[in-house]
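Anchor point for the sequence shown: position 392 equals 1055 in my numbering, and the numbering is continuous, going up by one each time.
Glycine residues also receive a C-beta, built at the ideal position from the N, C-alpha and C atoms.
Here the structure is a predicted model, which means the values were calculated and not measured.
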Amino acid sequence: MINKDRNLDFYKYEVVRLVEEVKSNNQGKVDWDKISELFRNLYPKESSHKERLRSLYRSVKDKKYIAYQNTSRLVADELKGDETPIEEKVLKFLTSKVKIVTIAIRLGIKPEVVKSILANLLFRGYDIILWTEGGVEYAQFSRQAIKGVTRSKEHCFNIPSKEFKIGLISDTHYGNKSSAEEESIDYIYYLYNQGVRKIFHFGDIVEGHYMGNRPDAIYELKPNAIGFDAQLELASKNLPQLPGLEYYIITGNHDYTFTRNTGANIGKVLSTIRDDIIYLGHNEAKVYLTKNLSLMLIHPTDGIGQNYSLKMRQHIDKNDKERLGDIIGMGHYHKYDHTHYKGIHGFILPSFVKQTNFMKYNNLPSVVGGIMLIIKVDEEGYLTNLVTETKFYENK
């Protein structure tokens, strides 16, 4: 039975393509059993009887043209005038389980080209899974990419020094028209000149791309910041590479818009293209600065509100100290607060984005700046002294 959505020519050209594919892998010999099997895998609802396929093949006169194109004219015609990048076309297929050969047929390219594109997307940080089932190759976004990102694991540094400095920054929102790019770069150089060699970023590295619930968000973007690749480039450019300096990052809700929309994880990609950037996880991560001194990175997703100073105490009350650790930093709120509560130092971090239109409309100020912690520990790595230095940029 012929699928009503495709006319007979479609299947004629597909048989020609499969014949050429089998011949290329079989020393130029035609194997109708293999062709029938391939056709059946592609179109299980269609008749794959060998005589039918032979009849379709014989009815096509311009076989050389079809073999050269390696796809059907119908698909090629559908793609004419479409300037969408091929990677984006491939991504649209991955929201559900799909055969690689099906992507190839629909886009008019060889399966090997599809696999090359998928490999490149994986390298760039897209959460894609590839597998073989019954001899057929499949691809799909991972469940994490579709449903959300899981919590990160713990990381241990065991800094050997008894006194050291670390830098804390958050919410740089690279790509937003109000992003304080110059100030963030200035602060990173300042930290470096103060002897800091580890900077922790608490999320919302880039502005991202909100869709649906915030349709006006695209107007907040700079002209050179439309899309994942553009914001990736901005993030890499605005995190200076300096000898011995390392960045440890988590992703926040703005970063996650790319993961939700396309499966791309900007934290993973940054850590792939830059050896000095280490991706810790999404929304939160716990690191051990020494074996007995931990730092918790958190990027909440709730509203900011006016009582932001209570956010840290409420979070500490809802969790035990063993889980939270000794020092907690929270991004997302674009404010500054330091609380010492129940034996935990809690910091709400300022941002590196000036007041955006969204913040103005919602009467939300934005504090611009960063935090340097000067830490002293004893022989066992327990905290003995903590000095905080906060640098603000409101008047710049």
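To the nearest angstrom, how far is the alpha carbon of residue i from that of residue j?
i: Val776; j: Tyr789; result: 17 Å
i: Phe863; j: Val1040; result: 19 Å
i: Glu709; j: Arg703; result: 7 Å
i: Tyr951; j: Ser842; result: 30 Å
i: Glu883; j: Gly797; result: 48 Å
i: Ile822; j: Leu956; result: 10 Å
i: Leu897; j: Pro707; result: 47 Å
i: Gly871; j: Phe921; result: 6 Å
i: Thr1053; j: Phe865; result: 16 Å
i: Ser899; j: His997; result: 22 Å
Enumerate in chain order the residues of its own chain whose CB-to-CB distance from residue i is below 6 Å, with the five nearest sequence positions on each side excluded.
i: Leu785; result: Ile791
i: Arg877; result: none
i: Thr925; result: Leu754
i: Ile851; result: Pro903
Can you list, in chain order, the residues of its chain whose CB lies under 7 Å from that of residue i, leaving out five sequence neighbours each side?
i: Thr1051; result: His1001, Ile1034 and Leu1036
i: Glu750; result: Ile780 and Leu784
i: Phe827; result: Ile1038
i: Lys760; result: Tyr801 and Gln803
i: Phe820; result: Val950, Tyr951 and Leu952
i: Lys675; result: Leu719, Ser722 and Val723
i: Ile729; result: Low per-residue confidence applies at Ile729: pLDDT is 47, beneath 50, and the placement is therefore not dependable, though the value from the model is reported in the following sentence. These residues qualify, in order along the chain: Tyr676, Val679, Arg680 and Val723.
Could you work out which residue in the options is closest to residue i when comparing CA atoms only?
i: His836; options: Phe1010, Thr1053, His995 and Lys675; result: His995
i: Tyr720; options: Glu677, Ile889 and Thr964; result: Glu677
i: Asp918; options: Tyr971, Pro886, Phe891 and Met959; result: Phe891
i: Tyr1024; options: Asp694, Asp879 and Val723; result: Asp879
i: Arg976; options: Lys686, Gly771 and Tyr1004; result: Tyr1004
i: Pro748; options: Asn946, Leu770 and Lys762; result: Leu770
i: Glu1057; options: Lys974, Phe1015 and Leu1049; result: Phe1015
i: Tyr910; options: Lys954, Val859 and Ala927; result: Val859
i: Asn1020; options: Lys981, Phe673 and Asn839; result: Asn839
Start and end of the alpha helix (DSSP H) containing residue i?
i: Glu750; result: Ile749 to Lys755
i: Gly930; result: Ile929 to Ile936
i: Tyr910; result: Taken as a continuous stretch (DSSP letters only), Tyr910 belongs to no alpha helix (DSSP H), being part of the beta strand (DSSP E) at Glu909 to Thr914.
i: Phe827; result: It is not in any alpha helix (DSSP H) - Phe827 instead sits in the beta strand (DSSP E) that spans Glu826 to Ile832.
i: Ile822; result: Counting along the chain, Ile822 falls outside any alpha helix (DSSP H), and DSSP gives it neither H nor E.
i: His978; result: Ser972 to Lys981
i: Leu987; result: Lys984 to Leu987
i: Asp1060; result: This structure cannot speak to residue 1060, because the chain is shown only from 664 to 1059.
i: Lys713; result: Lys713 to Arg721
What are the boundary residues of the beta strand (DSSP E) that includes residue i?
i: Lys773; result: It is not in any beta strand (DSSP E) - Lys773 carries neither H nor E in the DSSP assignment.
i: Ala880; result: From DSSP, Ala880 is part of no beta strand (DSSP E); its letter is neither H nor E.
i: Ala948; result: Glu947 to Thr953
i: Glu1052; result: Leu1046 to Phe1055
Tell me residue i's beta-bridge partners as DSSP assigns them.
i: Trp794; result: Tyr801
i: Met874; result: According to DSSP, Met874 bridges with nothing at all.
i: Val869; result: Tyr837
i: Asp1000; result: Ile1011
i: Phe921; result: Phe921 pairs with nothing; no bridge assigned.
For residue i, would you say it is in contact with chain C, using Cβ-to-Cβ distances shorter than 9 Å as the test?
i: Val761; result: The structure shown contains no chain C; it holds only a single protein chain.
Just to confirm my understanding: we take residue i, look at its own chain, exclude 5 residues before and 5 after, and list those with CB closer than 8 Å. What are they?
i: Ser699; result: Ser711, His712, Lys713 and Leu716
Does at least one heavy atom of the ligand SAM sit under 8 Å from the Cβ of residue i?
i: Lys900; result: Within the structure as shown, the ligand SAM is missing, as the structure has no ligands at all.
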